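Count along the sequence shown starting at 1, add 49, and that's the number in the working numbering. Input: a single structure, listed below in structure tokens.
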Amino acid sequence: MTYRGRFAPSPTGPLHFGSLVSALASWLDARAHRGAWLVRVEDIDGPRTVPGAAEEILSTLEHFGMHADEPPVWQSDRIARYQEALEQLKTAGLVYPCGCTRKEIADSLLHAHARNTTLAYPGTCRNGLHGKPARAWRLRVPDGDAAVITFEDRWQGKQTQNLATEVGDFVLRRADDQWAYQLAVVVDDADAGITHIVRGADLMDSTARQIYLQRCLGVPTPEYLHVPVVTNDEGEKLSKQNGATALDNDKPFEALSAAARHLGLGLDGTAHTTLEGFYAAATAAWAQRTGVRV
Ligand code: GLU
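Right, dumping it as structure tokens:
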């Protein structure tokens, strides 16, 4: 197996400590496996993308000594591939147009909640739009046992999600004409030949959907490892919206040491004077922590 990993930042602001932890974990895992490490800029969420943020992120990664093995991929260059994947799913009869507004879905979920059933999309448009205009495209999830997706997370252990009761038919093409993260990430990882995905545990909840989508598209399922997310004092995931500050490009050691500590690597990063020295020690600690045989 030729290991291929990746870091896939959304350019909603500069790299901050929370995203550095994901970058470092994916970088160390690739090094521990002597594999390739790629970067993908997830810049297709128009409303959230901040001009210039992608360039800032790429520059910080360079300053921190994390050099990608191939030129970065930009999701905005790959729209034609998302359209092809959607066409493939349409031909296979696996997707359907949905005309529900947010309010209609919220209302039906409220009723479902009152009846003590689940909060998954109730499948209103499964059998037709009932005269409503099409707004989004949804992937039909299976019923019964087939809806249960199980995978072994290399950090968090066995994970199970029932797509029918916990998620429902999910959106691939949004009502605002944007491609959904779930579709783009699966198509991109498959086209890039990614074998190992290492990212924050906030994305754990999306993984079963992505595995199901891989099966629908006939592409391989990579290995997964989700690292604990960094939270602020209120226990919320650290993000640009709740006070995460940009990293200082000229002071990599402090931030990298703190990121290694967050990953439980038990090494004193500030004792190193070169990034190569730090990464060699951190890679060995990562391999031991995650059971990679080197
Ligand atoms: N772009 C996503 C984020 O920044 C990460 C996607 C992924 O790693 O699958 O949260």
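Cβ coordinates follow ideal geometry from the N, Cα and C atoms, glycine included. Here the structure is a predicted model, which means the values were calculated and not measured.
| query | result |
| --- | --- |
| Can you tell me which residues fall inside 6 angstroms of the ligand GLU, judged by beta-carbon distance to its nearest heavy atom, and keep chain order? | A57, P58, S59, E91, V234, R248 and L252 |
| Closest to V216 by CA distance: which of G284, T339, V99 and A169 is it? | A169 |
| Just the Cα atoms here: how many angstroms apart are R130 and V236? | 7 angstroms |
| Starting from the C-beta of N291, find all residues in its chain whose C-beta is less than 7 angstroms away, skip the five residues before and the five after it, and write them out in chain order. | N281 and E285 |
| Looking at the secondary structure, which residues open and close the alpha helix (DSSP H) in which C147 lies? | First-last for C147: V144 to C147, but that is the beta strand (DSSP E), not the alpha helix (DSSP H). |
| Distance check for H275 and R203, CA to CA, integer angstroms please. | 8 angstroms |
| Inspect the CB distances between the region 200-214 and the region 104-120 and report whether three or more fall short of 8 angstroms. | no |
| Could you pull the start and end residues of the beta strand (DSSP E) that V276 belongs to? | E272 to V276 |
| What do you reckon, are the CB atoms on D251 and V278 nearer than 7 angstroms? | yes |
| With 16 as the cutoff for other CB atoms within 10 Å, does I246 come out buried or exposed? | buried |
| Please state if the CB of L87 and the CB of R144 are separated by a distance shorter than 7 angstroms. | It is Val, not Arg, that sits at residue 144 in the sequence shown. Going by C-beta atoms, V144 is not nearer than 7 angstroms to L87. |
| On the DSSP letters alone, give me the boundaries of the beta strand (DSSP E) that D202 sits inside. | V197 to D202 |
| On the premise that L314 lies in contact with A414, defined as a C-beta separation below 8 angstroms, what is that separation, rounded to the nearest angstrom? | Examination of residue 414 is not possible in this model, given that the chain is present from 50 through 343 alone. |
| With contact counted as at least three CB pairs below 8 angstroms, one residue from each stretch, are the region 118-133 and the region 252-259 in contact? | no |
| Can you give me the C-alpha to C-alpha distance between A74 and A239, rounded to a whole angstrom? | 21 angstroms |
| What does DSSP give as the partner residues of A295 in its beta bridges? | H65 |
| If you drop the 5 nearest sequence neighbours on each side, which residues of the same chain put their C-beta closer than 8 angstroms to that of L135? | V144, W186, L221, R222 and L232 |
| Within its chain, find whatever has a CB closer than 6 angstroms to the CB of L158; leave out the 5 residues flanking it on each side and keep chain order. | L168 |
| Skipping 5 residues on each side, what residues in its chain have a beta carbon closer than 6 angstroms to that of K139? | none |
| Would you be able to state if there are at least three C-beta pairs under 8 angstroms between the region 190-200 and the region 63-82? | no |
| Measuring alpha carbon to alpha carbon, tell me which of S306, G54, I260 and L69 ends up nearest K289. | L69 |
| Using the DSSP secondary-structure output, state which residues sit across from I246 in a beta bridge. | Y273 |
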